[in-house]
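A.B. asks: Using numbering that gives the first Met the number 0, read the sequence shown as starting at 0 and increasing by one per residue. All residues carry an ideal CB built from backbone N, CA and C; glycine is no exception. Sharing a structure here in structure tokens format.
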Amino acid sequence: MNKDNKEQNSELSPERDKAVRLFTYLKELCALRSIQVRNVVTYDQVYWLQDLPRNKFCRCAFWHLIDPLSSSYDQHPDLWIEIRKPILKSPPELPDELEPWIKEEEFMDSSIDEPGFFEQIPLSVLQDDSENSDPNALVSMNDYPELLDIWINYLETKWKPWANADRELQKVQKSYNQLFNIYQRQEKLGEQYEVIFGAGLLLWKAPNSGEIKRHILAIQARIEFDRVKGIMSVGPTLDGSQPVLECGMLETTDRPNPTDLTNIEEDVKTLYGDPWNAAILESVLRGFANALPMA
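Below, the structure is given as structure tokens:
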């Protein structure tokens with residue numbers, strides 16, 4: 000290098016240094032002014048994968064991490080969640096003799112052990128000519144002992160089997176509704192609304208950041224709705240599966256040191272296109288957790 004080049008570089012170095020320091024200052028200033036979300040529950044809407052029922056109506060990429068033999072992910076690498084709208088059925092029809100005695104709201108509710116019945120009802124309910132009956136007259140179920148056998152038989156052979164099946168379908172319906180609500184927000188707000196798929200929930204009382212309940216990895220996602228088939232699905236955006244390391248919820252002093260952080264970020268890039276690679280994902284999450292400073 001000749002003398003002129005050395006002099007030119009020495010003149011540029013202070014300017015370059017100022018630019019770097021200015022960039023760092025602006026970056027830290029933006030971080031100070033932005034709202035730091037330290038707890039995931041403060042987000043607009045949160046859906047936990049553990050709430051997704053494992054049955055024929057649902058698929059989930061997360062299950063592949065728990066059960067490597069699961070086919071729901073291998074066959075659909077870009078289908079992270081799929082929920083098919085279940086067909087909910089009413090309880091089996093009551094025998095005519097029981098209908099006036101059973102509490103309708105409880106009869107329709109599969110979440111209870113069994114519906115209750117009225118011990119007494121107006122006599123007029125059982126009479127065809129109700130106009131000529133005493134409106135204050137009551138009859139007791141004890142007056143009709145045969146009803147108890149009919150009720151027990153109906154309860155055990157029809158209502159309880161229906162209730163068991165309906166409880167599972169209601170779980171699917173609840174998950175379906177939650178995704179549909181998020182989908183509606185996504186479509187209404189467009190680019191102002193971001194759907195994120197989180198992995199690796201960090202639960203930590205950080206020395207300087209306080210209580211933390213945030214995911215270590217975040218992946219931009221998109222919810223799709225097939226209105227003809229009644230299917231909600233979640234997958235990557237058009238940009239593909241590109242996980243991002245989340246550190247914004249931590250103060251700088253609570254983060255891994257710069258060298259470790261850079262190495263972890265490089266490891267995260269190996270998940271691009273395949274964010275549910277169990278071995279790499281576990282390595283990234285463990286690496287980040289182990290690199291956090293001690294209290």
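Alpha carbon to alpha carbon, how far is Arg226 from Met107? Give it in angstroms, no decimals.
C.D. replies: 27 angstroms
A.B. asks: Is there contact here, the segment 116-124 with the segment 135-147, by at least three beta-carbon pairs under 8 angstroms?
C.D. replies: Yes, since at least three Cβ pairs between the segment 116-124 and the segment 135-147 fall closer than 8 angstroms, the two stretches touch.
A.B. asks: Could you compute how far the alpha carbon of Ala164 sits from the alpha carbon of Gln172?
C.D. replies: 13 angstroms
A.B. asks: Find the nearest neighbour of Asn259 within the set Leu244, Tyr271 and Leu270, judged by alpha-carbon distance.
C.D. replies: Residue identity check: residue 259 is Asp in the sequence provided, not Asn. Ranking the options by Cα distance to Asp259, first place goes to Leu244.
A.B. asks: In the DSSP assignment, find the alpha helix (DSSP H) that holds Asp253 and state where it starts and stops.
C.D. replies: Where Asp253 is concerned, there is no enclosing alpha helix (DSSP H), given that its DSSP letter is neither H nor E.
A.B. asks: Where Ser240 and Gln219 are concerned, what is the direct C-alpha to C-alpha distance, given to the nearest angstrom?
C.D. replies: Between Ser240 and Gln219, the alpha-carbon positions lie close to 7 angstroms from each other.
A.B. asks: On the three-pair Cβ rule with 8 angstroms, is the segment 150-162 touching the segment 83-95?
C.D. replies: Segments in contact, yes.
A.B. asks: Locate the beta strand (DSSP E) running through Glu145, then write down its first and last residues.
C.D. replies: Per DSSP, Glu145 belongs to no beta strand (DSSP E); it is in the alpha helix (DSSP H), Glu145 to Tyr153.
A.B. asks: Quick check: the Cα distance between Phe179 and Leu237, rounded to an integer number of angstroms?
C.D. replies: 20 angstroms
A.B. asks: Just reading off the beta strand (DSSP E) that Leu45 is part of, what are its end residues?
C.D. replies: Correcting the residue type first, residue 45 is Val in the shown sequence and not Leu. Note, Val45: premise wrong, no beta strand (DSSP E); not H, not E.
A.B. asks: Would the segment 148-156 and the segment 95-103 be scored as touching if the rule is three or more Cβ pairs under 8 angstroms?
C.D. replies: yes
A.B. asks: Give me the Cα-Cα distance between Asp50 and Leu125, rounded to the nearest whole angstrom.
C.D. replies: 46 angstroms
A.B. asks: Per DSSP, what are the beta-bridge partners of Glu81 in this structure?
C.D. replies: Arg58 and Ser232
A.B. asks: In chain order, what residues of the same chain lie with their CB nearer than 6 angstroms to the CB of Ile279, ignoring the 5 residues before and after it?
C.D. replies: Thr269 and Leu270
A.B. asks: Going by beta-carbon coordinates alone, are Lys212 and Val45 separated by less than 7 angstroms?
C.D. replies: no
A.B. asks: Is DSSP giving Arg221 helix, strand or coil here?
C.D. replies: strand
A.B. asks: Rounded C-beta distance between Ile111 and Glu105? I'm assuming under 8 angstroms.
C.D. replies: 6 angstroms
A.B. asks: Per DSSP, which one or two residues make a beta bridge with Asn180?
C.D. replies: DSSP, once it has assigned bridges, lists no residue as partnering Asn180.
A.B. asks: Whose CA, out of Met231, Phe196, Gly234 and Thr252, lies closest to the CA of Ala205?
C.D. replies: Thr252
A.B. asks: According to the Cβ coordinates, are Leu202 and Ile215 closer than 7 angstroms?
C.D. replies: no
A.B. asks: For Ser12, is the classification buried or exposed, using 16 other Cβ atoms within 10 angstroms of its Cβ as the cut-off for buried?
C.D. replies: exposed
A.B. asks: So, are the CB atoms of Ile101 and Val233 less than 7 angstroms apart?
C.D. replies: no
A.B. asks: Return the residue from the list Arg254, Glu281 and Lys84 that minimises the CA-CA distance to Cys266.
C.D. replies: Looking at the sequence itself, residue 266 is Asp, so the reference to Cys does not match. Looking at the Cα atoms, Glu281 is the closest of the given residues.
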